[in-house]
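Novice: Chains as they are written, first to last, in our numbering: chain H, 2 to 1200; chain W, 54 to 349. The following block contains the structure, expressed as C-alpha cells.
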C-alpha cells in the first residue's frame, strides 16, 4: 500500500507544471549566478575562484533556504490538496493505513522536492561548463578557474540542501496535515522566517556566534561560523567537513524534522470533521414569532457624490477590518514587533558597546521590517483584489450602484488604514524601547516625519503597483509571481545599464538622518521623486480602474469594452492630469539631476578613469614644485550649500633641475567651478584636459631650482538643484566638513583615480596595479603619507560662515569678528604643518578645559553632551602619556569637532580632530566594568596621530600605516591599559582578533606582513593591536616606548626623505633582547599563526593550600603566505601558561601566569599552586594569533 | 416599464455561443425563464444585470439602455446570482447594512428599519446575529433574496434560486417571491417547471441560447392539451419505442418506464391520453430543439 501511495504521489506530481517551473527557476538562478554578471548569489571575488568549493557551497546553501517558498508549496500541499479538492471523504473512507498514507505522501513529495532542488548543482555545473561561451559578459571569462570536481557540488547539496529540505519539508508537511488549510502553511512559513531573523539578530554578537551556529536550522550561520577565518587559499580547496558543530547542528535539526513527522502521525486523524480544540457553545437560534408579513418600508435611495464618499468610507473600513482579522497578518505584525524589540537589545554596537536609543536609531531598526512590509503589501493587495471572487460574492457586489473606481479605491484605502495603524503601533513599540532604556527624548516629530513619509510612500507605491499587476493579469498567483519578478528586475536594473533613479520604481530617499543636519538637503529630491512615482502610480491606478473586472467578463478585450464605458469626463481629467504631473516631474528631475548636475553611469565613470590613466599616466613622475605656503579665504554659505575659496599657494622647486610645466589637477566634483588660476609670473595653459579638469601650465621662465612661484586661485562650490543620489554630504546646512584634497587644486597626476580592481583592470587590458610603492622606492621615500604635493607648509586661513555657525580650521584663532551678519574666523598655524587641513562649520556648543598649557575644546551639537567628559579625559590622559613617554605635544591647543554621521570616523588634523556624530557622541557606556569605552579609546587614538603622522610624517610606501595607524593603536592601547581593568582590555583584544581573522578571510589581493601593510585596515588596525600588545608583554612597555621615543626624536618635523617601517623596526630590534629577536620576525616580517590547545588538565590536592596541576598542551606554529596557505614551522617560543582560581568576588582570576619555552608540539607541565585551581591552559590571555582561541584553556579535573 | 430585449447574441471566447438572437419583451410581474442547465439563462440574466457584455443586440429598460447606462440600471436592480457565497465571518445584519449603504440608502434610521424588515420578511430575524458561514443552503438563499430587495428595486433578477433547496425551503422561498410588488419586473430563471407554473404570469423557454417559446404558461399548456399520450412499458421495449415514436419524456414509475409522446391523435390503443401540464410543454420544446440540432 505504501508503495502504491508513494508511486501515486510521484505520478501525480509528474503532471504538475508547477514542479517543472520550480526546477526551472532554481536551475536558471544557479546557472545565471554563475554564467551572467546580473544574478549574483554569494561572492567569489579577488583571490577566491568562482568555482571554489567554498563559493559553490555558499550558493548551494543560499539557494536551499532562500527559496523556502518552494518547499512550503510542495510539501504543504501533499495533504492539504485532499481537503482543498474535497477528496477527504472519499479517501479516508478507504481501508488505507494512516501510516502508509502519511509516509507515502511525505516520501513521494520529498523525493519530488529533492529532484526540484537538484536544479542547484545541475545549474551550477552547467553554468561553469558553458558559461565561458555565453555571448555576454561573464566575470570569470578571462580568469583561470579550478578543474571540475563533482564532490564540490554534491557534498554541500547533501549536507545542506537535502537536510534542510527534510527539516523544512517535515515542518511544512506537519502544518499542512494538521492545519488542513493552505493558509496555515503560509503562516507557519512566515512565522518561521521571522523567528529566524529574530534569533539571527539576537545572536549577532561575537560572543554568541557559536550558539547561533549551533541553532541555525538552515546551517547557514554554522557554515559562516566554521569558515569565518578561512583564508582565500583554504576557500579554494576545502569543504566543510561533517564534524564538530556542523555535525551537531545537522543532528539537532534532523531530530526536529523526525519529531515533526512523529507529531504529524499522532496528531493526524482520518475523521473528516474534527473535534475542535475549543468547545464552542452551540449557538442557539432563538425561535421568535415569525413576522414574515411585515411590509418592507420605503427607504430613500440617494446616489450622489456624498453617497460615493460614504460607500468609499464604508468599504474601506470593511476591508480594513477583514485584513486585521486575518491570522497571518496578525502573526506578521506581532512577530515583526518582536523582531524590533530583540534588535533593540544590540543596537548600533561597536566593540559590543551600545548607543543611546535615539529616535533615528530606532527608526533604522525598522529597516528590518521592510521585508514584512513588502510581504504585507503584495500579499494583501492580492487578497483584497480577489476577496469577493474568493468567496463568490463578486456578482452581488458588482451589480451594486457604485462607480467602478470605488471598489478598487476602497481596497487601497483599506490597506492604507492598515499601514497607518501598523506604523502607529511601531511608534508605540519604538517609544517603549526608548523608555525601557531610560531614554526619554522621544522626538515624535521625527517618528512621524520619517514613518509617515518614506515608509508610507514605499508601502503606498508598492500597494498600487501590486493592485495594478493583479488587475491586469487577473490571476492571483501569477500576480504574486509577477510582483516578485518585478522586484528582481528592479534589483538588477543597474546591471542592465538603467542606473538612473528615474528607472527605479519608488526610488527617492530621505537619506541618513543626523541630529545635526536633520534630513538636510534630501527633502527636495525625495519629494520630487516621490511625486513622480505617485503620479505614475496614479496613472497605473487609472488603468487598473479601466480594466478592473466587474461582472463575469475576464477576457481583456471584453474588459476593455466594459472599461470604455467608464471613460467619463472626470476620469479623463484625472488621468491626464496625473499623466501630466508624471511627465512634468520626470522632466524636472531629469533637468536637475542630468542637465544642471551631472549624472555619470558607473560604466562611464570607469571609462573615464581608464582614459585618465591612459592619457595622463605619462605625467605621473613629472617633477613638480612643492607647496610651502598656503593662505586662503574660504566663505561658506551653508544654507545655499556653497562656498568660495580664494587665495594662494607658494610653490617651491625643491629639485635640482628647473621646472617649466606646472600640472594642476582640480577637483572633478561637478559643483566645483574654477574661477581662475594665476601665477605671479607669466604662464599659459599648454595642455588642457577639460574632462579631467587637468591643466598643464607652462611658465614663460622656468622655475629655477630653489626658486618659488605664487599660484593664486579661486574656486567656487556651487550647489544647483538636486542630484540623483544623495548628493555630497560635505557642504551642508549644518555640519559642513571637508578637507583640502576634496575641493582645492592639487599638483600633478593623481594615481588614486586609477581603477583599483584587478578584475576590472584585466577586462580593460590594463596592467595589474600595485596598491602602494615598494618600501625602498626612492620616489616613495621622497614623499610623505600625505602625498607629493608638499612636505611641510605654512598655513593661514580665514573662514566666514553664516551668523549662527562656528567655522574651524587647523591653527590658532587670530581674530574673530562679525560682518554683514556673518561670522569671520582667522586661523594661523605658527609652525610648519602637513599639507592636510579641514574646513568645518556648524551650529556648535563648546566645552572647554585645559591640560597644562594646552587649551582643550570640544565643539559639539547641543544635546550630545553624553560623552564629553570621556573625550576630555581621553585627551588629557593621552596627552599625558604621550608627552611623558614619546615627546612633548607640539601645539598649545587641541580641538574635537563633531560632524554629521554621514561618515563614521574620526580624523586627526593638526591640532584639530573632526569626530563623527555616529561613533562616540551617542555611545552608551553603561557598565565601565564590562563595556569597552571606545569613545575614550578613539579619542586617545586620534590624539596619538598628533605624534604619529603629524610630528613624524612617514614615507608614502608599503608599510606606512604601521607607522601612523599601528603606532597610534599601540599608544591608545597603553592609555587604555592604564585606565581600565585587564578584563576590558582582554575583551577588546578578542574583538580585534576576530576582526583580524575575518578581515584576512576577505583579502582580495594578498595579505601582507605588518611591515609591508598596504592600506589593509584589518592589518594596520586589528593585527597591529594584537602584535604591539604582545610585543610590550614580551619586551616590556618601557622598552617599546623607548624605541618609539628614539624613532620620534630622529625623524620629528623632517622633510623628505621620510622614514619607513624599517626605521621603526630597527629601533624595536635595539630594545629587544637577543633571546626574543625571533618574535620580531614572527610579528612584523611574516604572517605567523599559532594553534595552541589544552588537551588535558588535571590537579591533585597535596595538602592544605597545596595543589599540583598537570597540564597537557599542544602548540603549533604556522607560517602563512599571502593567499593564506599555511605550513607548520618548528616552534621555539616563550608562551604563557596560566592557571585560574576564584577570587573573593567569585570571579576567575589568574593565580599563575608564566612564560614557558616551548619547543615541541606536545608538552606536559606540572605546576604547584597555593589556591584551589579552576581552569588552566596555554596562552590564556590570547596574546598570540590563534584561529581557535577558545580551546586554549580547559576546566581542571581533580585526579 | 418594460424590458425589451432585441436580437441579443453572445459568443464566449471559447467558441460557445451562449445567446443566439434572443428577442424578448418582459412586462412587470413575474417572468419565468425556463431551460435546462447550460441553456443560456444565466448568460441572459447577467447581461441584463450589467455584468456581461453582448456581442450584438440591445436591451432597453424603459428609457434606459441597459448595455450602456449600467449605472442607471444598477440603481434599480436587485440581483441574486445563481451560485453565490458570503463572507463567512460576518453576520447577516452587518452585511445587509453594509450592502444597503452601498446601494445608496444613506439615512441610518431608514436603513435600520429596512434591514430589520428584510430580515423579518426572509425569516432570518432569529439568526441575524449568526455568522453567515453557519447558514444552511436555504437560509443563505433567503439572505440572497433579502439583499436583492434592498432599495425597492424595479428590476429583480433571480437566477435559479430554488436549486438545491428542500421542498419546504423552496415553498417558503417561492412565497416570498410571489409577494413582490406587482409594479416590479421579476425575472426568475429555473430548470424546475413547477417554479414557473406556480408563480409566473409570463414565461420563455430557452435552450442552447435560443428562445424556443414565449408566452403565458396557461396558453402554453393549452397548445399541447389533448396531444399528450403516455404509456408504461417494459424496460426492454424502450429502445424500440424510442425508434418509432417522438418520445418527449420518459420517467420511471415504480421501476418501470413511462413514456410520454406528443401526437395529434392516439398513436395506438395502448397509449392513454393525459392531462397536459407545463412540463410537457417544456419537454416538447426542448426535445424539438435538440432534434433540430442533431439533424442539422
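Where a beta carbon is used, it is the ideal one built from N, C-alpha and C, also for glycine.
#1: State the beta-bridge partners of residue 644 of chain H as determined by DSSP.
#2: Under 7 angstroms between beta-carbons, which chain H residues line up against residue 207 of chain W? List them in chain order, please.
#3: Along the segment 160–184 of chain H, what residues have a CB closer than 9 angstroms to any CB found in chain W?
#4: Cβ closer than 7 angstroms: which chain H residues qualify as neighbours of residue 157 of chain W?
#5: What do you get for residue 917 of chain H, buried or exposed, if any count of 16 or more other CB atoms within 10 angstroms of its CB means buried?
#6: Just the C-alpha distance for residue 1095 of chain H and residue 1166 of chain H, rounded to the nearest angstrom, thanks.
#7: May I ask you to verify whether the segment 519–534 of chain H touches the segment 718–731 of chain H, counting CB pairs closer than 8 angstroms and requiring at least 3?
#8: With three or more C-beta pairs closer than 8 angstroms as the rule, is the segment 77–92 of chain W touching the segment 253–261 of chain W?
#9: In the structure shown, what three-state DSSP assignment does residue 522 of chain H receive?
#10: Would you call residue 332 of chain W buried or exposed, if buried means 16 or more other Cβ atoms sit within 10 Å of its Cβ?
#11: Report the neighbours of residue 399 of chain H on chain W: residues whose CB is nearer than 7 angstroms to its CB, in chain order.
#12: Is DSSP giving residue 738 of chain H helix, strand or coil here?
#13: State yes or no: is the beta carbon of residue 471 of chain H nearer than 9 angstroms to at least one beta carbon in chain W?
#14: Check the Cβ-Cβ distances between residue 54 of chain W and every residue of chain H, and say whether any is below 9 angstroms.
#15: Assuming contact is defined by CB atoms lying nearer than 9 angstroms, are residue 533 of chain H and residue 590 of chain H in contact in what I supplied?
#16: Using 10 angstroms around the beta-carbon of residue 808 of chain H, count the other beta-carbons present and answer buried if the total reaches 16, otherwise exposed.
#17: How is the alpha helix (DSSP H) around residue 451 of chain H delimited, first residue to last?
#18: Since residue 70 of chain W meets chain H, which of its residues come closer than 7 angstroms, beta carbon to beta carbon?
#19: Of all the residues that make up the segment 141–155 of chain W, which are near chain H by a beta-carbon distance shorter than 8 angstroms?
#20: What does a CB cutoff of less than 6 angstroms around residue 455 of chain H pick up in its chain, not counting 5 residues either side in sequence?
#21: To test your reading of the DSSP string, which unbroken beta strand (DSSP E) runs of 3 or more residues are found completely within the segment 381–450 of chain H?
#22: Given residue 349 of chain W, which residues of its chain have a CB within under 7 angstroms of its CB, disregarding the five upstream and five downstream residues?
#23: Following the continuous alpha helix (DSSP H) through residue 237 of chain H, name the residue where it begins and the one where it ends.
#24: In chain order, what residues of the same chain have a beta carbon less than 7 angstroms from the beta carbon of residue 1125 of chain H, not counting five sequence neighbours either side?
#25: In three-state DSSP terms, what is residue 505 of chain H?
#26: In angstroms with no decimal places, state the Cα-to-Cα distance between residue 197 of chain H and residue 544 of chain H.
#27: Specify, as a first and last residue, the run of the alpha helix (DSSP H) that residue 829 of chain H falls within.
#28: Rounded to whole angstroms, what is the Cα-Cα separation between residue 1153 of chain H and residue 1141 of chain H?
#29: For residue 556 of chain H, which of helix, strand or coil comes out of DSSP?
#30: Does chain W have any CB closer than 9 angstroms to the CB of residue 329 of chain H?
#31: Applying the 10 Å Cβ sphere with the 16-neighbour rule, what's the burial state of residue 347 of chain W?
#32: Give a yes or no on whether 9 angstroms exceeds the smallest Cβ distance from residue 160 of chain W to chain H.
#33: So for residue 1210 of chain H, helix, strand or coil by DSSP?
#34: Cα-Cα, which of H:551, H:766 and H:212 is closest to residue 566 of chain H?
#35: Shortest alpha-carbon distance to residue 957 of chain H belongs to which of H:992, H:223, H:791 and H:1148?
Specialist: With the given structure in hand:
#1: Note: residue 644 of chain H sits in a beta bridge opposite H:637 and H:718.
#2: Contacts between residue 207 of chain W and chain H, judged by CB atoms closer than 7 angstroms, are missing: the closest CB pair is about 11 angstroms apart.
#3: Result list empty, no residue passes.
#4: In chain order: 302, 303, 304, 308 and 402.
#5: Residue 917 of chain H comes out buried.
#6: Straight-line spacing of the CA atoms in residue 1095 of chain H and residue 1166 of chain H works out to 11 angstroms.
#7: A contact is defined here as three or more CB-CB pairs under 8 angstroms, and the segment 519–534 of chain H meets this definition with respect to the segment 718–731 of chain H.
#8: With the cut-off at 8 angstroms, the segment 253–261 of chain W and the segment 77–92 of chain W touch.
#9: Residue state, collapsed to three classes: coil.
#10: Residue environment analysis places residue 332 of chain W among the buried positions, since at least 16 neighbouring C-beta atoms fall within 10 angstroms of its C-beta.
#11: Near residue 399 of chain H (Cβ distances below 7 angstroms), the residues of chain W are 104.
#12: In the displayed model, residue 738 of chain H falls within a strand according to three-state DSSP.
#13: Not one chain W Cβ lies under 9 angstroms of residue 471 of chain H.
#14: With respect to chain H, the C-beta atom of residue 54 of chain W has no partner C-beta closer than 9 angstroms.
#15: Going by C-beta atoms, residue 533 of chain H is nearer than 9 angstroms to residue 590 of chain H.
#16: When all chains shown are included, residue 808 of chain H counts as buried.
#17: It spans 445–451 - the alpha helix (DSSP H) in which residue 451 of chain H sits, taken as one unbroken run.
#18: Result: empty, since nearest Cβ-Cβ is about 15 angstroms, beyond 7 angstroms.
#19: In summary, the residues of the segment 141–155 of chain W whose CB is separated from some CB of chain H by less than 8 angstroms are 141, 142, 151, 152, 153, 154 and 155, in the order they occur in the chain.
#20: The residues are 511.
#21: The beta strand (DSSP E) runs lying completely inside the segment 381–450 of chain H and spanning 3 residues or more number zero.
#22: The predicted model places residue 349 of chain W with a pLDDT of 39, which falls under 50 and marks its position as unreliable; any figure quoted below should be read in that light. Taken in chain order, the list of residues that qualify is empty.
#23: Where residue 237 of chain H is concerned, the enclosing alpha helix (DSSP H) stretches over 233–238.
#24: Same-chain partners within the cutoff: 232, 233, 234, 235, 1001 and 1008.
#25: DSSP places residue 505 of chain H in coil when its eight states are reduced to three.
#26: Their backbone Cα atoms lie some 40 angstroms apart in a straight line.
#27: Run containing residue 829 of chain H: none in the alpha helix (DSSP H); it sits in the beta strand (DSSP E), 823–829.
#28: Distance between the alpha carbons of residue 1153 of chain H and residue 1141 of chain H: 7 angstroms.
#29: Coil, per DSSP.
#30: No - not a single Cβ of chain W is within 9 angstroms of the one on residue 329 of chain H.
#31: Low confidence applies to residue 347 of chain W: its pLDDT is 46, below 50, so where it sits in the model is not reliable enough to give any reading.
#32: Chain H, which has a Cβ nearer than 9 angstroms to the Cβ of residue 160 of chain W, makes this yes.
#33: Residue 1210 of chain H lies beyond the residue range present for chain H, which begins at 2 and ends at 1200; the question has no answer from this structure.
#34: Comparing Cα positions, the closest option is H:551.
#35: Nearest C-alpha to residue 957 of chain H: H:791.
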